[in-house]
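**Q** The numbering of the sequence shown is full-length UniProt numbering, which starts it at 1 and goes up by one. Note that beta-carbon positions come from the ideal geometry of N, C-alpha and C, so glycine has one too. My questions all concern the structure below.
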Amino acid sequence: MDTTEGTILVIGATGNVGRHVVTRLAGQGRQVRALTRNPEAADLPAAVEVVAGDLTRPETLAAAAAGVDRVFLLWPFFTDEHAPAAVAALATEPRHVVYLSAMNVRDDRSPAENGVWGQVEHTIDQAGLARTFLRAGGFATNALEWAGQAHTGAVRGPYGDAGRSLIHERDLADVAVAALTEPGHADATYVLTGPETVTMAEQARLIGEAIGRPVHWRDQPADEALAELTAVFGDAAYADAAMEYWATLTEHPEPVTDTVERLTGHPARPFRDWAVDHAADFRAPATPPTGAATRRLAEDYLSTMIAGDFDAVGRFMAPGMTRIAPLETGGDHVALRGPADIMANSQRLNADLEIHDVDADGPFVADDRFAIRFTFDMTHIPSGKRHTAAKMSLYTVVDGLIAREEVHYFDPPQPTAD
């Protein structure tokens, strides 16, 4: 295949990896089409063609892929439920798909045994597409989940001795761009890792070095960690599998490969560099709140939500508040910033919904954080379908206002098709 001309479609274009893929391709002067659920918030280079699309709506993929001969694909969901239709939409023309998979996929296992990543690989192969599979180790960006804890001087989690060969998102993007633009990668499978094994506890220490203050690791009981993961993922089986995997890494650390260097010409970036690149995400807020102040804010915020006074919710938000809700943005890890964008997104989501009732569990309060589980009873007006959607929202408080919200859905925010 000629890899010098033609349009390249990037799916997940505003996520941690996809954004770097888009930026690098555009920097090379390539014709790039970026697929995202919310084009207005994409904030991509001006030369990039940004189109609306959703992996759960194959008709939008078919339209976005028209005339495209190369595709970068990642799959952000815990199941392959929508994968056959999505891949079929991409297979309407001969094209090359570069799929960001996972290192734990093995060729001697069945697709079911390989989990969602292996199932999507199998679906791509069955469709007859030319493909490159990038089987990546753990993403270094997953350490951002500790941002709310690091400024306290300690991070809690299970299995501090688990050895990870974490990979920088920039290295993933560099390999993806090579596979998309250089010959010789069709039907190849690459295992990608960082350049070293780093334990969970060592990650915390390196984050501390990056921000100029010690960050210690505190081991968390496995049963407590499993309960938290289940709430975050909304999938007990996925959380349990993650815990079992981390436990094995205490005795058998993840392998290290030199694939990044072989394919890009530069060594993979160590976790120390990643921590420096993201130091601002881990630095302490100006005035950490007390638990009592956080509880007052949380209870006032919850009362406003339960009353349905959504217009008043904005008074609880910091001017630079960040909100991340992947299932609202097509699986993309898009950060909405500022009350205006956050409220506009809420209005977009609720435009076709009639909300009958809001139930809540919580707030569950720590010093500078709180969590609330919301359950919405609502009707999708165009279809007349009534359904419930449950989500867990995790909030970080700075200077008496909500500075960050991370949303994890137990049910889809919109009703699924029958």
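Rounding to the nearest angstrom, what Cα-Cα distance links aspartate 277 and valine 17 in this structure?
**A** 15 Å
**Q** Rounded to whole angstroms, what's the CA-CA distance from leucine 44 to arginine 296? Just pull it up for me.
**A** 39 Å
**Q** Using three-state DSSP, classify alanine 268 as helix, strand or coil.
**A** coil
**Q** Which one of Gly265, Leu73, Ala46 has the shortest CA to CA distance from glycine 53?
**A** For glycine 53, the nearest C-alpha among the options comes from Leu73.
**Q** Thinking C-alpha only, which one of Ala325, Asp359, Met343 is nearest valine 313?
**A** Checked all of Ala325, Asp359, Met343; the closest Cα to valine 313 is Met343.
**Q** Within the continuous beta strand (DSSP E) that includes arginine 33, where are the two ends?
**A** 31-36
**Q** Whole angstroms is fine: what's the gap from phenylalanine 77's alpha carbon to alanine 242's?
**A** Approximately 15 Å, taken between the alpha carbons.
**Q** Could you check what DSSP says for methionine 103 in three-state terms: helix, strand or coil?
**A** coil
**Q** Could you check where the beta strand (DSSP E) with aspartate 357 kicks off and where it finishes?
**A** 353-365
**Q** Could you check if alanine 13 is buried or exposed, using at least 16 other CB atoms within 10 Å of its CB as the buried criterion?
**A** Under the 10 Å beta carbon count, alanine 13 is surrounded by 16 or more other beta carbons and is classified as buried.
**Q** Which of the three DSSP states is assigned to valine 191 in this structure?
**A** Valine 191 falls in the strand class under three-state DSSP.
**Q** Can you tell me whether DSSP reads histidine 20 as helix, strand or coil?
**A** Reduced to three states, the DSSP call for histidine 20 is helix.
**Q** CA-CA distance, leucine 206 and alanine 275?
**A** 7 Å
**Q** Check whether chain D comes within 8 Å of valine 51, counting only Cβ atoms and requiring the distance to be less than that.
**A** Given the protein chain composition of this structure (a single chain), no chain D is represented.
**Q** Got a sec, what are the start and stop residues for the beta strand (DSSP E) arginine 135 sits in?
**A** 130-136
**Q** From alanine 286 to proline 319, what distance separates their C-alpha atoms?
**A** In this prediction, alanine 286 scores a pLDDT of 46, lower than 50, which makes its location untrustworthy; the coordinate-derived value is nonetheless stated afterwards. Alanine 286 and proline 319: Cα-Cα distance of roughly 15 Å.
**Q** Does DSSP put phenylalanine 78 in a helix, a strand or coil?
**A** coil
**Q** State the start and end residues of the unbroken alpha helix (DSSP H) segment that holds residue 439.
**A** Nothing can be reported for residue 439, as the shown portion of the chain is limited to 1 through 418.
**Q** Taking the alpha helix (DSSP H) that leucine 180 belongs to, which residues open and close that run?
**A** According to the DSSP assignment, leucine 180 belongs to the alpha helix (DSSP H) that extends over 169-181.
**Q** Quick check on the DSSP output: what are the complete beta strand (DSSP E) runs of length 3 or more inside the segment 42-72, in order along the chain?
**A** Runs found: 49-52.
**Q** Evaluate asparagine 38 with the Cβ neighbour count: other Cβ atoms within 10 Å of its Cβ, from every protein chain shown; 16 or more gives buried, anything less gives exposed.
**A** With 16 or more Cβ atoms within 10 Å of its Cβ, asparagine 38 is classed as buried.
**Q** Suppose you measure from the CA of histidine 20 to the CA of alanine 140; what does that come to, to the nearest Å?
**A** 14 Å
**Q** On the premise that proline 158 lies in contact with alanine 102, defined as a C-beta separation below 8 Å, what is that separation, rounded to the nearest angstrom?
**A** Incorrect: roughly 20 Å between the Cβ atoms, too far for contact.
**Q** What distance in whole Å lies between the Cβ atoms of valine 120 and aspartate 171, which are believed to be in contact at a cut-off of 8 Å?
**A** No, aspartate 171 and valine 120 are not in contact; Cβ-Cβ is about 21 Å, not under 8 Å.
**Q** Just the Cα atoms here: how many angstroms apart are tyrosine 301 and glycine 338?
**A** Taking the straight line joining both Cα atoms gives about 17 Å.
**Q** Among Pro255, Leu100, Ile211, which residue has its Cα nearest to the Cα of valine 177?
**A** Leu100
**Q** Taking contact to mean at least 3 C-beta pairs separated by less than 8 Å, is the segment 174-194 in contact with the segment 258-270?
**A** yes
**Q** Helix, strand or coil for arginine 315? Go by DSSP, reduced to three states.
**A** DSSP places arginine 315 in helix when its eight states are reduced to three.
**Q** DSSP has tyrosine 301 in a bridge; who is on the other side?
**A** Per DSSP, none; premise fails for tyrosine 301.
**Q** Using a Cβ-Cβ cut-off of 8 Å (strictly less than) and excluding sequence neighbours within five positions of phenylalanine 364, which residues of its own chain qualify?
**A** Sequence-distant Cβ neighbours of phenylalanine 364 in its own chain, meaning closer than 8 Å and more than five residues away, are Phe370, Ala371, Ile372.
**Q** Kindly identify the DSSP beta-bridge partner or partners of residue 421.
**A** With the chain covering 1 to 418 only, the question about residue 421 has no answer from this structure.
**Q** Compute the Euclidean distance between the alpha carbons of valine 10 and arginine 70, then round it to the nearest angstrom.
**A** 9 Å
**Q** When the Cα of threonine 56 is compared with those of Arg33, Asp368, Ala85, which residue comes out closest?
**A** Ala85
**Q** In this structure, how does DSSP classify alanine 286 when only helix, strand and coil are distinguished?
**A** Reliability of the predicted coordinates at alanine 286 is poor, the pLDDT of 46 falling under 50, and the value obtained from them is presented with this limitation in mind. Three-state result, alanine 286: coil.
**Q** For residue 419, does the three-state DSSP call read helix, strand or coil?
**A** Within the shown structure, residues of the chain are numbered from 1 to 418, placing residue 419 beyond reach of any answer.
**Q** Using only the alpha-carbon positions, how far apart do alanine 279 and tryptophan 117 sit?
**A** 30 Å
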